[in-house]
Amino acid sequence: APTSIPEEEVTALLTGQTQEDLKLATEYLRHYYNLKKEQPLARIKRNLPSFTSKVKDMQSFFGLNTTGSLDSETLEVMSTPRCGVSDVED
Amino acid sequence: YSHNNRVNRWNKNVITYSIGRYTSDLPHSMVDSLIESALSVWARASTLTFVRSRTQRADIMVEFATFEHGDAYPFDGSKGTLAHAFGPGEGIGGDAHFDDDETWTAGSKGFNLYLVAAHEFGHSLGLRHSQNPESLMYPTYKSSRSSHNLLSKEDIAIINSLYGPKNSQPYYYSRYGWNPLYNPWFLGSHFPLMMQNKCSADLSFDAVSTLGDATFFFKDKYLWIKHNQQYDIKEGPINNFMPKIESKIDAAFWVPRRSTAYLIHESIYWTVKGSIVKGKPKPISNFGFPPWVQEIDAAVHIVKTGRTLFFIHDIYYSYNENRRVMDAGYPQYISDDFQGLNTTIDAAVYKDGFIYFFVGPQVYKYDYTQKQVVGTEKANTWLGC
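Each protein sequence line maps, in turn, to chains X and H. So my numbering is basically just the index in the first sequence, starting at one, shifted up by 2. So my numbering is basically just the index in the second sequence, starting at one, shifted up by 696.
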């Protein structure tokens, strides 16, 4: 069962994120980091552990601070034009 | 930096490619050139050779498309995903798709097709994304990437681990992986010539032919492949590149209109499209030779006239490729029609209006229009010596 995350951490991870940022990040992680598709954006809070760990995977791949949160640097990389092949799959 | 754990590679070194749908951002000729240059990036660093095919069944199909385009990975409009490619394999394997909602250029505006294509062809050959920002296989687009040394050391190491080290010496790929030619198995085998010394002054060839944008040089059971624009030459046993062919090749010619090469051994011939030997060998009597003709010394197709000339000892035949019949009034003596040539021909190839006749270590440059020999050179100069 996913480990529970203290409410304040959830808020911290998602504070300041626009719906747009969340949408971008979710699409990105689905496409390139195998974030499971069935997690609707609205229920992100309940699925935060895997969302956070995927954010960390992406941050680790690109050599960013693996905070798990959608900071500006992370969002900037996610917005950069790129190859459509996954970073984690064959 | 890791490439696929399950090593995914083509099990051959000559890989065909074809361009299906083009982008309207660039002239077709520019797309052709940029795609060829992007493949050359990998050819120069490896033992791979890329041969352009005009069919829809090439190993690497290049397509420009938007949004849904027939695979499970729709594009997303401009920016975002630029392109994607599939790893080596049948069908869609190896194919590279480019999002035509992007602006494709040959320069620094928009997205440079050469840079993106070189990256995608890395995937087509079995490489994955790299975490090294200097690597060509880094996932995000960098217009600042120098177009000279596109490949990082890792990229080169990986492509060589997949397809054998760049042939500073000839390698062959067998079920045991990549082996240098001094492998005992190889030396003790039927193959008498461990490694052809391509720069020996008396080097001669059994057959020479264009094939796509490369020139193939056959000698005994050995083959050199020289790309027209490149300096590196691939080499190895013929059946390393064309597994069906276990014998030497006596004569070979290329009919551009059909993108087909014909390789002749004694009284049979194979047809080769792309890098694939098509079906079983056929009898040379199909061309209309009399029964006593059981061997051909050399053959060359003259694009300008649509004729293929077959040279046998001191005579030659002319075959009409359009009507697929032997021209009447043949055979003729070679010395009657080709002033300055009164000896058996080893090999012949047609380039830019000239026929190059290979006679032992000599090559005679024959001007087909002026009907005379206009130059001579050494055969080994064709291999860069």
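Where a beta carbon is used, it is the ideal one built from N, C-alpha and C, also for glycine.
Assigned exposure category for residue i - 16 Cβ within 10 Å defines buried
{"i": "LYS25(X)", "result": "exposed"}
{"i": "ARG1020(H)", "result": "exposed"}
{"i": "ALA27(X)", "result": "buried"}
{"i": "CYS85(X)", "result": "buried"}
{"i": "ARG871(H)", "result": "With a pLDDT of only 38 at ARG871(H), under the threshold of 50, the placement of this residue in the model should not be trusted; the figure read from the coordinates follows. The residue in question, ARG871(H), is exposed, as its Cβ has fewer than 16 Cβ neighbours within 10 Å."}
{"i": "THR712(H)", "result": "buried"}
{"i": "GLN1068(H)", "result": "exposed"}
{"i": "ALA897(H)", "result": "exposed"}
{"i": "TRP738(H)", "result": "buried"}
{"i": "PHE763(H)", "result": "exposed"}
{"i": "PRO933(H)", "result": "buried"}
C-beta neighbour in chain X for residue i, strict 8 Å
{"i": "THR751(H)", "result": "no"}
{"i": "PHE1050(H)", "result": "no"}
{"i": "GLY803(H)", "result": "no"}
{"i": "LEU858(H)", "result": "no"}
{"i": "LEU1005(H)", "result": "no"}
{"i": "LEU919(H)", "result": "no"}
{"i": "PRO835(H)", "result": "yes"}
{"i": "ALA781(H)", "result": "yes"}
{"i": "GLY789(H)", "result": "no"}
{"i": "HIS765(H)", "result": "no"}
{"i": "LEU778(H)", "result": "yes"}
Residue i, enclosing beta strand (DSSP E) - first and last residue
{"i": "ARG1020(H)", "result": "No beta strand (DSSP E) contains ARG1020(H), which DSSP labels as neither H nor E."}
{"i": "VAL79(X)", "result": "Run containing VAL79(X): none in the beta strand (DSSP E); it sits in the alpha helix (DSSP H), 74-81."}
{"i": "LYS39(X)", "result": "Run containing LYS39(X): none; DSSP gives neither H nor E here."}
{"i": "TYR965(H)", "result": "964-969"}
{"i": "GLN1058(H)", "result": "1058-1063"}
{"i": "ILE992(H)", "result": "Unbroken run through ILE992(H): none, as it is neither H nor E."}
{"i": "GLU1073(H)", "result": "1068-1074"}
{"i": "THR1040(H)", "result": "First-last for THR1040(H): undefined, no H or E at that position."}
{"i": "PHE1006(H)", "result": "1003-1008"}
{"i": "VAL973(H)", "result": "972-979"}
Residue range of the unbroken alpha helix (DSSP H) whose run includes residue i
{"i": "ILE854(H)", "result": "849-859"}
{"i": "SER839(H)", "result": "SER839(H) -> no alpha helix (DSSP H), and no H or E assigned at all."}
{"i": "TRP738(H)", "result": "724-740"}
{"i": "ILE1030(H)", "result": "1030-1033"}
{"i": "TYR810(H)", "result": "809-820"}
Closer than 7 Å at the beta carbon, the chain A residues around residue i
{"i": "HIS815(H)", "result": "Considering every chain present, this structure includes no chain A. Its protein chains are X and H."}
Residue i: CB within 7 Å of a non-hydrogen atom of the ligand GDP
{"i": "GLN21(X)", "result": "The ligand GDP is absent from the structure shown, which contains no ligands of any kind."}
Residue i at chain H interface by Cβ criterion, 8 Å
{"i": "THR82(X)", "result": "yes"}
{"i": "ASP23(X)", "result": "no"}
{"i": "ASP89(X)", "result": "yes"}
{"i": "VAL79(X)", "result": "yes"}
{"i": "SER74(X)", "result": "no"}
{"i": "PHE53(X)", "result": "no"}
{"i": "GLY65(X)", "result": "yes"}
Taking only runs of the beta strand (DSSP E) that begin and end inside the region 901-956 of chain H, which ones reach a length of at least 3 residues, in chain order?
-> 903-907, 910-915, 918-923, 929-933 and 947-951
With a floor of 4 residues, list each alpha helix (DSSP H) that falls wholly inside the region 746-803 of chain H, ordered by position along the chain.
-> none
Do the region 769-783 of chain H and the region 956-966 of chain H make contact, defined as three or more Cβ pairs closer than 8 Å?
-> Segments in contact, no.
Segment contact flag, the region 775-783 of chain H with the region 810-830 of chain H, C-beta cutoff 8 Å, min 3 pairs = yes
Could you tell me whether the region 831-842 of chain H touches the region 797-816 of chain H, using the rule of 3 or more Cβ pairs below 8 Å?
-> Yes, since at least three Cβ pairs between the region 831-842 of chain H and the region 797-816 of chain H fall closer than 8 Å, the two stretches touch.
Just checking, does the region 790-803 of chain H make contact with the region 738-753 of chain H on the three C-beta pairs under 8 Å criterion?
-> no
Do the region 967-978 of chain H and the region 989-999 of chain H touch if we need at least three Cβ pairs shorter than 8 Å?
-> Contact between the region 967-978 of chain H and the region 989-999 of chain H is absent, because fewer than three Cβ pairs lie under 8 Å.
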